[in-house]
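Asks:
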Amino acid sequence: MDFATLIGLVVGIGVVVGAILVGSGLDLFLNLPGFLIVVGGTLAATFVKFPLQNVFSAFKTGASSALKNVREDPRGLIEVSLELAEMARKNGLLALEGADINNPFFKRGIKLCVDGHPLEVVRNALIRDMELSIHRHDEGAHIFKAIGDSAPAFGMIGTLVGLVQMLANMDDPQSIGPAMAVALLTTLYGAVIANLIALPIADKLESKTEEERLTKELILESITQIHARQSPMILADILEGFLPENQRNRSDDDDDVDEGEE
């Protein structure tokens, strides 16, 4: 569970509701026609922009990405890669057939190696898999950004509709204030939907897509070196480059150099 998303939603909704309750009742901010204009119009515009299947797929991907914290530990992947490289170097690629690998992308790559496919075939298959996965996530982020753009626009449309209805009934001056308040509610709905739900989910999808890209590039490099029977020591140096500077292991040689400089 991604608790950051839950905390953000709870705090965001709590702040808005709390501000409302301080000055008035919650029922004053409930307007069903305005809400339907914003939600219905935003969905309609999204369906016009994107294929229906892609929109529902983006909703599923966005909810999963926002609520689930599925992350791979790069250090753990490196340790697994070094173990597999040692096995392949000593006993050949067939020795990896029964290896315990949890990551599906990594497992598929090792299976292709065990099946005897050339390195070029293995790399092309994995790169295509990676690009398709990244494309799906990118498309989901684009759809949620489109929702974030459309919601405030339809909030303004709802406000304009309310203003027209208000100006058409100017006989009673006392009704102008309440009618104006109702007209402005659609702008509020659009802003909340865009800035508390749609755009944050789009940003989170982009962030997690970049994490997935780096993880799969690490795995792809690992499989390439394992297929080439690379030395685990050299492989470790290669894969360390995928880690942030503060997470990389310092070798004894580096320590010796530092001591010599001192």
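This note's numbering applies: residue 266 is where the sequence shown begins, and numbers increase by one. Where is the CB? At the ideal position from N, CA and C, for every residue including glycine. Keep in mind that this is a model prediction, so the values were computed, not measured.
In the segment 421–496, which residue ranges form an unbroken alpha helix (DSSP H) of at least 4 residues, counting only runs that do not cross its ends?
Replies: 441–457, 464–492
Asks: From which residue to which residue does the alpha helix (DSSP H) around E348 run?
Replies: It spans 339–356 - the alpha helix (DSSP H) in which E348 sits, taken as one unbroken run.
Asks: Which residue marks the beginning of the alpha helix (DSSP H) containing L361, and which one marks its end?
Replies: Following the DSSP letters along the chain, one finds L361 in no alpha helix (DSSP H), marked with neither H nor E.
Asks: Alpha carbon to alpha carbon, how far is G423 from E396? Give it in angstroms, no decimals.
Replies: Those two C-alpha atoms are separated by around 40 Å.
Asks: Would you call the segment 343–351 and the segment 477–491 in contact, with 3 or more CB pairs under 8 Å?
Replies: yes
Asks: Determine the burial state of V320: buried for a count of at least 16 other Cβ atoms within 10 Å of its Cβ, exposed for fewer.
Replies: buried
Asks: Sort A360, L342, P383, E351 by Cα distance to N368 and report the nearest one.
Replies: L342
Asks: I'd like the span of the alpha helix (DSSP H) that includes R513, first residue to last.
Replies: In this chain, R513 is not harboured by any alpha helix (DSSP H), its DSSP state being neither H nor E.
Asks: Ignore the nearest five residues each way along the sequence and tell me which others in R340's own chain have a CB closer than 8 Å to its CB.
Replies: L508, Q512
Asks: Please classify V303 as buried or exposed, where buried requires at least 16 neighbouring CB atoms within 10 angstroms.
Replies: buried
Asks: Determine the contact status of G375 and A364, defining contact as a CB-CB distance below 9 Å.
Replies: Here the sequence assigns Ile to residue 375, which means Gly is not the residue at that position. Taking a C-beta distance under 9 Å as the contact criterion, I375 and A364 qualify as a contact pair.
Asks: Just the C-alpha distance for T270 and A331, rounded to the nearest angstrom, thanks.
Replies: 6 Å
Asks: So which of G420, Q439, I503, E404 has the shortest CA-CA distance to L297?
Replies: G420
Asks: For I466, collect the residues of the same chain with a Cβ closer than 6 Å to its Cβ; drop the 5 residues on either side in sequence, then sort them by chain order.
Replies: If we look at I466 and ignore the five residues flanking it on each side, its Cβ neighbours are G327, A331, F409.
Asks: Do the segment 447–461 and the segment 495–504 touch if we need at least three Cβ pairs shorter than 8 Å?
Replies: No: the two stretches stay apart, fewer than three of their Cβ pairs being nearer than 8 Å.
Asks: How about R336 and E476: do their beta carbons lie closer than 9 Å?
Replies: yes
Asks: In chain order, what residues of the same chain have a beta carbon less than 8 Å from the beta carbon of P417, not counting five sequence neighbours either side?
Replies: T452, G455, A456, A459
Asks: Does the Cβ of L432 lie closer than 8 Å to at least one heavy atom of the ligand ATP?
Replies: The model on display carries no ligand, and the ligand ATP is accordingly not part of it.
Asks: Using only the alpha-carbon positions, how far apart do L428 and A463 sit?
Replies: Approximately 27 Å between the Cα atoms of the pair.
Asks: Could you spell out where the alpha helix (DSSP H) holding L508 opens and where it closes?
Replies: Annotation: L508 is outside any alpha helix (DSSP H) and is labelled neither H nor E by DSSP.
Asks: So for N389, helix, strand or coil by DSSP?
Replies: helix
Asks: Please go through the same chain and pick out, in chain order, the residues whose beta-carbon is closer than 7 Å to the beta-carbon of A323, but skip the five residues on each side of it.
Replies: E404, G405, I408, F409
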